[in-house]
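Using numbering that gives the first Met the number 0, the first residue of the sequence shown is number 0, and each one after it goes up by one.
Here the structure comes first, spelled out in structure tokens, and everything after it is commentary.
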Amino acid sequence: MVTLFMTVGTGSGPDREERMRNLAHGLAHGIHYHRPEEVIFFGSAESEPMVPLIRDCLKINRGMDLPPVTWIQLRNIDSFSDCFEQISDEIKRRPDEDIRIDYTSGTKTMTMSAAIASMLHRKELTVISGRRGENGLVGQGTETITQQSLYLAYNDILRETANAEFNAYRFESAKATMRKMVAVDDKNHLMQIFDAYSLWDRFDHKGAAGILAGSSDTRFSVNKGFIKQLVETDGLPYKYRMILADLLNNAGRRIEEGKYDDATGRLYRAVELITQIRLLEYDLDDINGSIRLEKLKGKVDREYFAYCEPKADGERRLRIGVREKFHLLQALGWTRARTCYEALADDLQQRNSSILAHGMTPVTRESAMTFYGKVHDLALQACGPNEMEPLLKRAVFTKL
Numbered sequence: 000m001v002t003l004f005m006t007v008g009t010g011s012g013p014d015r016e017e018r019m020r021n022l023a024h025g026l027a028h029g030i031h032y033h034r035p036e037e038v039i040f041f042g043s044a045e046s047e048p049m050v051p052l053i054r055d056c057l058k059i060n061r062g063m064d065l066p067p068v069t070w071i072q073l074r075n076i077d078s079f080s081d082c083f084e085q086i087s088d089e090i091k092r093r094p095d096e097d098i099r100i101d102y103t104s105g106t107k108t109m110t111m112s113a114a115i116a117s118m119l120h121r122k123e124l125t126v127i128s129g130r131r132g133e134n135g136l137v138g139q140g141t142e143t144i145t146q147q148s149l150y151l152a153y154n155d156i157l158r159e160t161a162n163a164e165f166n167a168y169r170f171e172s173a174k175a176t177m178r179k180m181v182a183v184d185d186k187n188h189l190m191q192i193f194d195a196y197s198l199w200d201r202f203d204h205k206g207a208a209g210i211l212a213g214s215s216d217t218r219f220s221v222n223k224g225f226i227k228q229l230v231e232t233d234g235l236p237y238k239y240r241m242i243l244a245d246l247l248n249n250a251g252r253r254i255e256e257g258k259y260d261d262a263t264g265r266l267y268r269a270v271e272l273i274t275q276i277r278l279l280e281y282d283l284d285d286i287n288g289s290i291r292l293e294k295l296k297g298k299v300d301r302e303y304f305a306y307c308e309p310k311a312d313g314e315r316r317l318r319i320g321v322r323e324k325f326h327l328l329q330a331l332g333w334t335r336a337r338t339c340y341e342a343l344a345d346d347l348q349q350r351n352s353s354i355l356a357h358g359m360t361p362v363t364r365e366s367a368m369t370f371y372g373k374v375h376d377l378a379l380q381a382c383g384p385n386e387m388e389p390l391l392k393r394a395v396f397t398k399l
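Shown next as structure tokens:
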């Protein structure tokens, strides 16, 4: 069902009757062109007498009856908020109708409101143009219908919105916004990019790398290089450093979002990963959660080895938590291990007391920020600032 929305003024010029007849002729041409099943007029009390004039013009000049009419009297023809709200509300009431909007006549505020409503609701917008007389009205017999495309402005608004959502890590929302854009060359490419970062944000590094590999967009080249290297690197110490950099950045993003409990969980894992990176220096790979007891022989003193033996399982594998990993590192020769753990003890306990761990206490922003700062500093100290700082920078998500 085609429904035509028309803003209606009274024309301009000294002779009121003549200008209204001329305007009615032009608006009748628009109705004849669209052939709607219903016409919704928007105007003032002064412009309502235009309706019978339009009806007469249609009948006499076009041999066509005016379709059913609804007259919407605008509350204030010079108020954008009022005009836009009333036009927009009428559009929302008709979700299944093919609405077309003609903004040929009316006050500047009325026509501007109609144009913006057409853009935001993605409705066809037309204007009646032709040769204009001294009174500014289109001369009879010269009328043509011109379709106006506001997609460029609409796309700009949507692009800014999608970019803001991407920058706030709302990747699915950014995709949904981008999907609304019309006739945009890079639309599908950017939607794939948003998919890649969504995967990356959920630690699907391989999936993200696969998508970014197909992009030549230089805005993402630093991240593209990082994720490619992370996926392809086999050397464990360096690969774990890359994962640590990614984990810290992920925790930082969660803090930006106000998800402090999520951030704390990631920081807890980052602390454990730091100990695992240090253990690799002693040829002890704990990444799968266990260390063969025999590998400790000759690396720790007898007293500590005897302490560990009862903790090993039937396969002589040692499964220890974060605190015990720091104690092991101290025994192996990292003299600052115990001090580092003590500096983090309260933060680690707070994580254990959080709702997402074992307790019922929510994590505050201040606590999450403090924990992040400590883990960041520990990562630089324990894993080497010359290696960690460049990795941390490369793993920061690009902003659009």
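From the three backbone atoms N, C-alpha and C, an ideal C-beta is built for every residue, glycine too.
The beta-bridge partner set that DSSP reports for Q329 is empty.
Annotation for L272: L243 place their beta carbon closer than 6 Å to its own, counting only its chain and skipping 5 residues before and after. In the structure shown, M5 falls within a strand segment according to DSSP collapsed to helix, strand and coil.
Only residues of its own chain outside the window of five on either side were considered, and among them L157, T160, A161, E164 have a CB closer than 8 Å to the CB of T176, listed in chain order. With the rule of 3 Cβ pairs closer than 8 Å, the region 35-55 counts as touching the region 16-23. The region 343-390 is shown to contain whole alpha helix (DSSP H) runs of 4 or more residues at 364-382, in chain order. Scanning the region 68-95 from its first residue to its last, the whole beta strand (DSSP E) runs of 3-plus residues come out as 68-72. Within the same chain, Cβ atoms closer than 7 Å to the Cβ of W199 are found at A207, I226, the five residues on either side in sequence being excluded. Beta bridge pairing from DSSP links L292 with no other residue. C-alpha of Q348 to C-alpha of L292: approximately 28 Å in a straight line. Annotated three-state conformation of R335 is coil, per DSSP. Annotated as distal: L119 and I100, with beta-carbon spacing of 8 Å or more. Between the region 101-119 and the region 79-89 there are three or more inter-stretch CB-CB distances shorter than 8 Å, so the stretches are counted as touching.
In this structure M241 is buried. Its beta-carbon is surrounded by 16 or more other beta-carbon atoms within 10 angstroms. Contact between V395 and N249 is absent: CB atoms are separated by about 11 Å, not below the 8 Å threshold. Nearest C-alpha to D97 among V1, K258, A381: V1. In terms of Cα proximity to G320, the closest of N75, E341, T9, D285 is D285. Around the beta carbon of Q275, a 10 Å sphere encloses 16 or more other beta carbons of the protein chains shown; the residue is thus reported as buried. Taking a cut-off of 8 Å for Cβ pairs, the region 215-232 and the region 357-373 do not touch, as fewer than three such pairs fall below it.
With contacts defined by Cβ atoms closer than 8 Å, S117 and D260 do not form a contacting pair. DSSP, reduced to helix, strand and coil, places E280 outside both helices and strands of the structure shown, so it counts as coil. In the assembly as shown, N222 is a buried residue. Its beta-carbon has 16 or more other beta-carbons within 10 Å.
Following the DSSP letters along the chain, one finds D64 in no beta strand (DSSP E), marked with neither H nor E. By the 16-neighbour rule on beta-carbons within 10 angstroms, K91 is exposed. Where G42 is concerned, there is no enclosing alpha helix (DSSP H), although the beta strand (DSSP E) around it starts and stops at 37-42.
Contact between the region 172-190 and the region 64-75 is absent: fewer than three C-beta pairs spanning the two stretches fall below 8 Å. DSSP places E302 in the helix class (H, G or I) of the three-state scheme.
Residue pairing by DSSP places S215 in no beta bridge whatsoever. Residue pairing by DSSP places R316 opposite R291 in a beta bridge. Residue pairing for S128: DSSP places it in a beta bridge opposite T143. Beta-carbon to beta-carbon, A330 and V299 are separated by about 5 Å, close enough to satisfy the 8 Å threshold. With a 10 Å radius around the Cβ and a threshold of 16 neighbouring Cβ atoms, T143 comes out exposed.
Boundaries of the beta strand (DSSP E) around I98: 97-101. Taking each of K122, R315, E255 in turn and checking the Cα distance to Y168, the smallest one comes out for E255.
Rounded to whole angstroms, the separation of the alpha carbons of T232 and K238 is 6 Å.
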